[in-house]
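The next block holds one structure in the form of structure tokens; read it before the comments.
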Amino acid sequence: MNTKRIIVGSVVSAVMLLGCLGIAFAANEEELEVSFSPEVVANYIHAVIAADRALYTTHVVDRLQEERVVIAAEAWKQRKALPLPAQMLLMAGKTVEMSGSDLRFRLASLWPIYEENGPSNVFEETGLEVVAEDPDEVYSGIITRGDKRFFKAIYADRAVSKACVNCHNGHILSSKHDFKLGDVMGGIIISFPLPIEKTETP
Numbered sequence: 386m387n388t389k390r391i392i393v394g395s396v397v398s399a400v401m402l403l404g405c406l407g408i409a410f411a412a413n414e415e416e417l418e419v420s421f422s423p424e425v426v427a428n429y430i431h432a433v434i435a436a437d438r439a440l441y442t443t444h445v446v447d448r449l450q451e452e453r454v455v456i457a458a459e460a461w462k463q464r465k466a467l468p469l470p471a472q473m474l475l476m477a478g479k480t481v482e483m484s485g486s487d488l489r490f491r492l493a494s495l496w497p498i499y500e501e502n503g504p505s506n507v508f509e510e511t512g513l514e515v516v517a518e519d520p521d522e523v524y525s526g527i528i529t530r531g532d533k534r535f536f537k538a539i540y541a542d543r544a545v546s547k548a549c550v551n552c553h554n555g556h557i558l559s560s561k562h563d564f565k566l567g568d569v570m571g572g573i574i575i576s577f578p579l580p581i582e583k584t585e586t587p
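According to this note's numbering, the residues represented by the sequence shown are 386 to 587, in order.
Okay, here's the thing in structure tokens:
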């Protein structure tokens, strides 16, 4: 597989493409073992998500707000505003999930505004603690859901925009009100299926 063919476009189309690749890998264990490691695939997916979010933040949200053309707000539908960068990422993750893909990605935090955006299990809580302590660390491992194995990775999510900082610091439901630009606000959690383990026949 030539990775140069993967074109970084929108987070929905590009990440869905990588999700499909992950499923294809699972169908051919030998190709996965020879060509790709789960860590590499997770890094590819994270690179697409991070790039798309950064571009939306700097070229859409920040630019339009600074020029007072339009605002980005949590209640963006009611206020005829832009969705916040975090909301865009969460919506993209749900769109990928609704497509039927086994690829999953979302934002989570140890200090979520809404409870559903907190860690959902011990693995996620530990991973969020690790990346909060060291943003350059990637916390990863293999988990099982039923009879399927998934590779799961957690990357630090930094405050990339004034909109992110202002929303969390000023929100009535926020448990932390002193975020600064560049601070770790949580993590991007990515998971995708792994091949079924071969069992040796006697």
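Just so it is clear, CB atoms sit at the ideal spot from N, CA and C, and this is done for glycine as well.
To the nearest angstrom, how far is it from the Cα of Ile-573 to the Cα of Tyr-540? 5 Å
Considering only the alpha carbon of each residue, which of Ala-471, Leu-558, Phe-535 lies closest to Ala-493? Ala-471
Span of the beta strand (DSSP E) around Pro-578: 569-578
Which stretch, first to last residue, makes up the beta strand (DSSP E) that contains Gly-555? It is not in any beta strand (DSSP E) - Gly-555 instead sits in the alpha helix (DSSP H) that spans 547-555.
Could I get the ranges of all uninterrupted beta strand (DSSP E) runs contained in the stretch 466-514, with 3 residues as the minimum, in chain order? 489-493
Three or more C-beta pairs under 8 Å: does that hold for the stretch 480-499 against the stretch 564-578? yes
In or out: Val-507 buried (at least 16 other Cβ within 10 Å) or exposed? exposed
Taking just the CA atoms, how far does Val-445 sit from Ala-477? 17 Å
With a CB to CB cut of under 8 Å and the five nearest residues on each side skipped, what residues in its chain are close to Tyr-441? Pro-470, Met-473
Limits of the beta strand (DSSP E) - the one that Asp-542 falls within: 533-543
Top-ranked residue by Cα proximity to Ala-544, from Ala-427, Ala-439, Glu-514: Ala-439
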